[in-house]
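S.K.: As you go down the protein sequences, you meet chains A and B in turn. Each step along the first sequence adds one to the number in my numbering, with nothing skipped, and position 24 is 24. For my numbering, count along the second sequence from 1 and bump the result up by 1000. First, the structure itself, so that you have it in front of you.
2 protein chains.
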Amino acid sequence: MSKMHKEHTLTKNQQIIFDLIDKSPEPMKAYSILFSVQKKGINAPLQVYRALDKLVEIGKIHKIESRNAFIACHNSSCQVAKATAFSICEICEKVTEISSTGLSKYLTNFKDKDGMKYSKYNLEFFGSCKKCTPK
Amino acid sequence: MSKMHKEHTLTKNQQIIFDLIDKSPEPMKAYSILFSVQKKGINAPLQVYRALDKLVEIGKIHKIESRNAFIACHNSSCQVAKATAFSICEICEKVTEISSTGLSKYLTNFKDKDGMKYSKYNLEFFGSCKKCTPK
DNA sequence: ATATTAATGTTATATTATTACACAATGTTA
DNA sequence: TAACATTGTGTAATAATATAACATTAATAT
Ligand SMILES: [Zn+2]
Ligand SMILES: [Zn+2]
Ligand SMILES: [Zn+2]
Ligand SMILES: [Zn+2]
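If you want it as structure tokens, here you go:
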């Protein structure tokens, strides 16, 4: 197994919660996750938040900050867990992870006036998706 | 008074809360604001959140989503209330609004695969500021 | 003046997230 | 293996963030 791409073996709770988010067509909120996994023996918010923290850390999921919700990474298990971009439809709340080499190159190399170098970014675009945009 | 740049006369609550945020060297959280303005007769969370909502709407302040905190706009009363970018130091939590024509042009014109056109974006860079970066 | 819209004040409640503590499983090193 | 360190778990309590519902008042528009 390559060093570049360490497989994190998920623990039971992490796997249950990842599977749920991964199957969901839309971002899931922590307490909605909690409700859904109670039948599987996960009873407390903290159990959910701990799994979410870990999953975010290893890049299996991302947090949509403006929505306090979580979405599975579909950028081939995100090399770029630390460089995320999403489009969010303000009508139907559909969220899509943007995978654009141009964009990520531009942002990764961006330097501000102070010369501060960034290790991470999160970008959220808002608008109206194709389905929701009147022709 | 020009139509392009309508001056919003702030109401009493809005003005009190804007002044507080504007004077603050760091982003302020809603309940910290509440605590600070109680001596001025603002007693309830909702009074704070309503003022914050309005101030965000008219571009006098911005919300730092990853921190649930609010910062005054210093881009000359943000023409671009809907196109915001910040740098955030993960060590000292200093937050700076980025004002880069290049960046805002790039992002404003960005189109994803689906051709979805965006009306708004928020970008947050994370890293270590000059002061916090070891030489 | 009247209708409409925006803001206020207040109470209660909903939603999101963390602290604290005891314990168990797993991994590392001697 | 034994000892240690690290990570994950379970549970209870609580903190922090945000909104709903309702009555009232102030500001704007016709
Ligand atoms: Zn991803
Ligand atoms: Zn949509
Ligand atoms: Zn601004
Ligand atoms: Zn710093």
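Beta carbons: idealized from backbone N, C-alpha and C, even for Gly. From a predicted model like this one, the values you see are computed outputs, not experimental measurements.
Could you list which residues in chain A have their beta carbon closer than 8 Å to that of Cys1129 (chain B), in chain order?
M.R.: The contacting residues are Asp114 and Met116.
S.K.: Quick one: grab the DSSP three-state call for Gly1102 (chain B).
M.R.: Helix at Gly1102 (chain B).
S.K.: Does the distance between the C-beta of Asn75 (chain A) and the nearest non-hydrogen atom of ligand 1 fall short of 7 Å?
M.R.: The answer is yes for Asn75 (chain A).
S.K.: When you compare only the Cα positions, how much space is there between Ile1061 (chain B) and Gln1015 (chain B)?
M.R.: Looking at the two C-alpha atoms, the distance is approximately 12 Å.
S.K.: Closer than 8 Å by beta-carbon distance: list the chain B residues that pair up with Leu103 (chain A), in chain order.
M.R.: Ordered by position in chain B, the residues that pass the 8 Å Cβ test against Leu103 (chain A) are Phe1110.
S.K.: Does DSSP put Ser1032 (chain B) in a helix, a strand or coil?
M.R.: DSSP places Ser1032 (chain B) in helix when its eight states are reduced to three.
S.K.: I want to verify the contact list: residues of chain A whose CB lies under 7 Å from the CB of Tyr1121 (chain B), in sequence order.
M.R.: Leu123, Glu124, Phe125 and Phe126, listed in chain order.
S.K.: Is the Cβ-Cβ distance between Glu1026 (chain B) and Ser1066 (chain B) less than 8 Å?
M.R.: Result no, Cβ atoms of Glu1026 (chain B) and Ser1066 (chain B) do not sit closer than 8 Å.
S.K.: Using only the alpha-carbon positions, how far apart do Met1 (chain A) and His8 (chain A) sit?
M.R.: Caution is warranted here: a pLDDT of 28 is assigned to Met1 (chain A), below 50, making its placement in the model unreliable, and the coordinate value is therefore given only provisionally. Their backbone Cα atoms lie some 11 Å apart in a straight line.
S.K.: Which partner residues does Leu123 (chain A) have in the DSSP bridge list?
M.R.: Partner(s): A:Ala85 and B:Leu1123.
S.K.: Got a list of residues with beta-carbon closer than 7 Å to any non-hydrogen atom of ligand 2, in chain order?
M.R.: Matched residues: A:Cys89, A:Ile91, A:Cys92, A:Lys94, A:Ser128, A:Cys129, A:Lys131 and A:Cys132.
S.K.: List, in chain order, every chain A residue whose beta-carbon is nearer than 7 Å to that of Ile1098 (chain B).
M.R.: By Cβ distance, chain A contributes Asp112.
S.K.: Quick check on the DSSP output: the alpha helix (DSSP H) that includes Glu57 (chain A) runs from which residue to which?
M.R.: Run containing Glu57 (chain A): Pro45 to Glu57, per the alpha helix (DSSP H) assignment.
S.K.: With a threshold of 8 Å between beta-carbons, can Tyr106 (chain A) be considered close to chain B, or not?
M.R.: Tyr106 (chain A) counts as touching chain B.
S.K.: Could you name the residues that DSSP lists as bridge partners for Thr96 (chain A)?
M.R.: For Thr96 (chain A), which the question treats as bridged, DSSP gives the partners A:Ser87.
S.K.: Helix, strand or coil: how does DSSP classify Lys1023 (chain B) here?
M.R.: Helix, per DSSP.
S.K.: Taking the Cβ atom as the reference point for each residue, do Met116 (chain A) and Lys1130 (chain B) lie within a distance shorter than 8 Å?
M.R.: Contact flag set, yes.
S.K.: Does any residue of chain B have a CB that is nearer than 8 Å to the CB of Glu65 (chain A)?
M.R.: Glu65 (chain A) counts as touching chain B.
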